[in-house]
Structures are given as structure tokens and as C-alpha cells.
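So the protein lines, in turn, are chains A and B. Going left to right, the first sequence walks through residues 76 to 253 as the numbering used here numbers them. Going left to right, the second sequence walks through residues 5 to 440 as the numbering used here numbers them. Quick reminder that beta carbons are idealized off the backbone N, C-alpha and C, glycines included.
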Amino acid sequence: MIKRLLLIILASSLLAACSATGKKDEGATVEQRNIPGQTDDAAASSSAQAYGTGFDAATSMLALDDPQSPLSVRIIYFDYDSSTVLPQFRNAIEAHAAFLVANPNVILSMEGHADERGSREYNLALGERRAITVKRQMLLLGASASQTRTISYGEERPVEEGHDEYVWSQNRRVELIY
Amino acid sequence: MLLKRKFISGLTITALLLVFYAAQAIEIIIDKGVENPIQVAIVPFGWSQTATLPPLDLAAVVTSDLARSGRFAPMQEQDLPQRPTRYQQINFKDWRLLGMENLVIGQLKLTERGDYDVEFRLIDVYKGEQIAGFRIPSSEIQLRRTAHRISDIIFEKLIGIRGAFDTRIAYIKVMKLKNQTKRFILQSADTDGFNPQILLESSEPLMSPAWSPDGKSIAYVSFENRNSAVYVQNILTGNRVKVAAHPGINSAPAWSPDGTRLALTLSKDGNPEIYLLHLASRTLQRITTNRAIDTEPSWFHNGDKIAFTSDRGGSPQIYEVSVTGGQPQRLTFDGTYNARPRYSPDGKSMALIHGKNGFYHIALLDLQSGYLTVLTQTRLDESPSFAPNGSMIMYATSVYKGSELAAVSTDGRVHQRLAFQDGEVREPAWGPFPSP
């Protein structure tokens, strides 16, 4: 987690270091992309937070590590062949969206997954639909499109191995990765 | 209806034919064969250099091929009444007494150039006539392939269908490393698991291998750039080209029968749709337009239409659409989960995954009658792939530790498993006939 935070801080400082036409780095976990509508000043000031004092940004990022915070929920689970967000995860999604709104330089990657049942390529599409559903809710709640990224691994990266209901319920998920 | 009846009668037979065959890293188990398999005796081939052992026991490879098909009952070597290697040496009376109908004899000769000449004859014991006789020159490295070609000829002469033993399969192998990470390997091998060749290794998932119609290239999906991308790799040179890496998913490549286009699934325009990628010009042609998931394209043999999976009706079902576009027609109506279609080579049927009551089986859809026949009885089966002669369907099935490969005949009578000794093996793709 600490490593990841450092990466984000580093990324945002790089973002500030870049000109307004900063390039998107494809494939990296942390996306470096210029945020539309954001001025160089804004980028610079946020990087001052992250790079200069280091403290404010770290404090705000620490909310991510607070086990009492709804932000500590990093996995949204789904029903079989469904991409509907279950009511028990609304809180967490609202908290993450608010966090994104408060931290416009932070980028959230949403990784969609499926259980092993049925066909692999359909499951790849299903994983994407789950990730996109979560992303849409974040956008509705005010997060910026440039702060969100979706990717699907389908059934290719299970967290649990095996062939029973428990395992499947753990694998049907969207992981929220900062 | 006929198909269904055949299937049921196939189920009631308990004739359990077990052939354990230790190969390099694979074990082939025939769970069930046909009711009246063809009797055949394959006599160990003669060998010109009596002072040394032959480089390959050709008769053993042929015996294994034919047994594996489930349609033959090759005689055990210790039961052979005599071991002729020439036609003149055959004592027909001995074989007829045992009720043996077909006899295969042959010879392996070392040539002056250091290569080999393989001669074999297939003989109808009752008529006392030769059904087929060939001489096949081979280098040492080609000998195993020559044995598969002999099996192909025997299969064709006695069953009436071109054999598919001399073909390759590709599959994804997953090795779990000690530090809990995984290694994904794209591999090809003979259909009996021998001669494995690693085509690609990655720490990120690999998916959806698909053979080009000429057997020279394989298209696949790799996550090496932390997102799905479609690659085409030349098998001989190992050269590969990234052909699709758009935002969103890039998946399910399927070659057009003429090899000029790939049908694939891209979600770059918002949700998964089927596109055609013209390989020479790299231009894309969009085939489907729907807010639902459209994926898993399969080409009809004449290249005119494509079948695919879509959940536009609320659950995944199979649809068919012309490659020029137009309104897709729904093909499956039985059950709430039908996915991953593969047209048979003759276009008369389609293999697919049929989900019912928590079970996922390989099923065959008769395209004329619309009748669906379930072919497998295991729990989580996926990725059906037809042999190029249409006689067998290879697929992946889940086992305790992961997944392994299995095959079933299209009439549901012959079942076999290919148990690899290490790693998890999935997504088999059966390659085309070798080019002449």
C-alpha cells in the first residue's frame, strides 16, 4: 500500500512536471494523463502538496488505509451473470466517488472479474461490464472520467481457486485499485 | 431425434475400454468407445538394422492413435499369433481363427543417405487382399508424423472419413510457481501430446488461441500490456504482430476461412461488438450494433456468415449474422445459457457450451432441425474445438486441481481425456489438416 501511495505521489509530481500535453502512459498501473480543464497552476499546487511538504497529500491518502472508513472496501462483489451493484456496496462506491472528487489527481483503476463458469470470452465481456457499471456510478457521483480506468480480466485472475459457490462468489468482483 | 436416440443407447452400454498410455507429459484415457469397435492388429514393423533398436516403434504409435479414437480395438501385442513383416509371411488361417479382420504390417529401412523408408500394408484378412499399401520416406525427426499419417490412412480406409491424427493442437497451459505467481504458456503439440512446442510464455494471462486456416500462424489474446490485446504469431519464425490493442477488451479472434480477416470482439466503442479486421489493410469493419455483449465469433465454412454469443435477449444465446451485416438471427432457444459457438467443418452443426442447473456441458446443435444434443456429462466444460474432419470435439473440463483437456466424438459415443502431468491445461484449439 505504501509503495502504491508513493507511486501515486510520484505520478502526480510527474504530472505537474509534464507540460499541459502530458502523454498517457499505456499499460502502467498508474495512469499519467493531463486532466482536461485543469490549469498548470492547479497541477503545480497539487504537486506541491504531494512533493513539497508531502504531508497534506499523505494525510488525505491515509483515509484510504483507515479500516473504519467505507473507503476500506476495495472489492465490490456481484451476483452470477450480473453486473448490478448490490445495495450493500452503495456506501463504499459513494465514499470512493467522494474521495476522487476531493483528490482530483488521484486515479482509480477498476478491474472487473468473473467466476469460472461458462465461456471465457463471454466472462471477459462480463468483467468489463461490471467494471463499467461501477465506473458509471462514480461518474454520476462527480468523479472525473480522467480519474477512472477500467480493465477486465474475465475469469483469468481468480482470487480463490476451486469449483464451489464460495469460490465463485469471491471471484465475481470489481477491484478498486488506487 | 436420431441423434438423441443414439446418444441414449451410447449411455447404456457399459463397455469400458481403458487404455493407459504413458506419453511425454500426457496420459490419454479412453473412458468410453463405440459399441462394436473395428478389430485391427498392428504387427511391430520390421527393421533393417537388426543389431540396433529402431528409432521409433511405429506400430505402437499407430496402435495408440487408433485406440484413442475409440473406434478401433487394436489387438494387444502379446496376443499376436505371428509377426509377419511381409505379405508373403502372413498365415491368414491363424488370423481368421482369431476373428481378426484387419492386419497392418510394415517395415522400417535405413537408407544409404541416413534417412528412413517406411513401408506399410493394410490387409483385409478375410478377403486376403491388400486394402492400402504405401512407402513413405522420412527423416528421423519425421518418423512420428509418418506413424500418424499411417493411422490417418487406416482410419480413412476403414471408417470412410479422413483421419486427423497428423494434426496439431494448441492450448494454454498454466503453471503455478512456488511464490504463488503463475506462468501462462501458449503451446502446440501433436494430438497425442507429443512434440510440445512452446510458442509464448508470459506472467500475464493468455487466452483464445486460434489457428490460421493454413496452420502457419496462431492468433491469441495476451494481457502482457495490462490489458487484452490480440496478436498473430508465425509458428515457424516466432515473429508476432499486435493486431488489436484498442481501449477496452480485445478478444476472441477467429480466422476467416480464406485467412484474410480476423473476426474479433472489441469494446472500443463502448461495449463488446463483433468486428472484422482485414489483416492486409488493417481496416476494421463493424458487424454488430447492440448495447448487449456480443462476442465469441465463429465463421461458417464458406465465409458468408458468423455465429456469436450475445445476451441481447437477457441471457447468453447464440446468434448468426451475415458478414455483410444485417439483422442477426437467434439460433438457440433451449435453456438460459448457450455460448462459445463453433461451426462444424461441414457447417451442418455447431458445438457450444450449454449451461443448465449449474452444469456447463458441451452440446451439439443440429443447424437444420435446431435440435440440441448434450455430449458431455462433466460439470464445467468449455472451449469446444472441432477436429478438422469433424469427428471429434476437444474441450476443457474442470478437475479438482484446475482444468484438463478431453475429447468427445460428435455422436457422443467416444469419450477420452488427455491428462497432462503438470500444470493446468485449457482452451484447446484443434489445428487444420496439414497442407499437402
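So is residue i in contact with chain B if we call contact Cβ pairs under 8 Å?
| i | result |
| --- | --- |
| Tyr197(A) | yes |
| Arg149(A) | no |
| Leu201(A) | yes |
| Ile182(A) | no |
| Ile65(A) | There is no way to answer for residue 65(A), as the model of chain A reaches only from 76 to 253. |
| Arg192(A) | yes |
| Arg165(A) | no |
| Arg204(A) | yes |
| Glu231(A) | yes |
| His188(A) | no |
From residue i to residue j, what does the alpha carbon distance come to, in whole angstroms?
| i | j | result |
| --- | --- | --- |
| Ser232(B) | Pro332(B) | 26 Å |
| Gly329(B) | Thr293(B) | 9 Å |
| Arg153(B) | Val412(B) | 21 Å |
| Pro438(B) | Thr150(B) | 12 Å |
| Thr89(B) | Leu409(B) | 36 Å |
| Trp215(B) | Met396(B) | 17 Å |
| Arg290(B) | Leu280(B) | 6 Å |
| Gly219(B) | Lys186(B) | 28 Å |
| Val122(B) | Asp156(A) | 55 Å |
| Leu368(B) | Thr377(B) | 5 Å |
| Arg192(A) | Ile322(B) | 17 Å |
| Ile151(A) | Tyr197(A) | 20 Å |
| Val418(B) | Phe188(B) | 30 Å |
| Ile127(B) | Ala55(B) | 29 Å |
| Pro162(A) | His171(A) | 15 Å |
| Glu240(A) | Asn166(A) | 25 Å |
| Ala248(B) | Val234(B) | 5 Å |
| Val148(A) | Met354(B) | 44 Å |
| Gly137(B) | Tyr347(B) | 35 Å |
Relative to the C-alpha of residue i, which residue among the options is closest?
| i | options | result |
| --- | --- | --- |
| Val44(B) | Arg117(B), Tyr130(B) and Ser52(B) | Tyr130(B) |
| Leu183(A) | Thr159(A), Phe153(A), Ala189(A) and Ala218(A) | Ala218(A) |
| Gly242(B) | Ile322(B), Ile202(B), His250(B) and Val418(B) | Ile202(B) |
| His365(B) | Gly416(B), Asp170(B) and Phe188(B) | Gly416(B) |
| Val403(B) | Ile397(B), Leu384(B) and Val108(B) | Leu384(B) |
| Lys177(B) | Thr171(B), Asp83(B), Asp170(B) and Ala193(B) | Ala193(B) |
| Val325(B) | Tyr375(B), Glu277(B) and Pro59(B) | Glu277(B) |
| Pro85(B) | Leu379(B), Gly118(B), Ala391(B) and Ile46(B) | Ile46(B) |
| Trp303(B) | Leu210(B), Asp262(B), Met211(B) and Gln53(B) | Asp262(B) |
| Asp273(B) | Trp259(B), Pro257(B) and Pro251(B) | Pro251(B) |
| Asn229(B) | Leu240(B), Pro217(B), Glu105(B) and Ile253(B) | Ile253(B) |
| Ala77(B) | Met104(B), Phe96(B) and Pro59(B) | Met104(B) |
| Pro200(B) | Ala400(B), Thr171(B), Ser226(B) and Pro209(B) | Thr171(B) |
| Asp338(B) | Asn361(B), Arg295(B) and Pro349(B) | Asn361(B) |
| His238(A) | Asn180(A), Phe153(A) and Asp190(A) | Asp190(A) |
| Gln381(B) | Pro345(B), Gln420(B), Lys161(B) and Phe49(B) | Gln420(B) |
| Lys113(B) | Trp51(B), Met79(B) and Gly406(B) | Trp51(B) |
| Asp61(B) | Arg148(B), Ile357(B) and Gln80(B) | Arg148(B) |
| Pro320(B) | Arg195(A), Ser147(A), Leu175(A) and Val176(A) | Arg195(A) |
| Pro349(B) | Glu386(B), Ala391(B), Arg334(B) and Gly167(B) | Ala391(B) |
Can you find a C-beta in chain A that's less than 8 Å from the C-beta of residue i?
| i | result |
| --- | --- |
| Tyr279(B) | no |
| Met211(B) | yes |
| Gly252(B) | yes |
| Ala343(B) | yes |
| Pro332(B) | no |
| Arg244(B) | no |
| Ala256(B) | yes |
Would you decide whether residue i is buried or exposed? Buried here means 16 or more other CB atoms lie within 10 Å of its CB.
| i | result |
| --- | --- |
| Gly187(A) | buried |
| Val66(B) | buried |
| Ser143(B) | exposed |
| Asn393(B) | buried |
| Glu236(A) | exposed |
| Glu203(A) | buried |
| Gly132(B) | exposed |
| Lys210(A) | buried |
| Gln92(B) | exposed |
In the structure shown, what three-state DSSP assignment does residue i receive?
| i | result |
| --- | --- |
| Ser221(A) | helix |
| His238(A) | coil |
| Arg165(A) | helix |
| Gly164(B) | coil |
| Thr67(B) | helix |
| Tyr375(B) | coil |
| Tyr152(A) | strand |
| Val181(A) | coil |
| Asp140(A) | helix |
| Gln146(B) | helix |
Who are the neighbours of residue i on chain D, taking C-beta pairs under 8 Å?
| i | result |
| --- | --- |
| Gly359(B) | No chain D is present in this structure, whose protein chains are A and B. |
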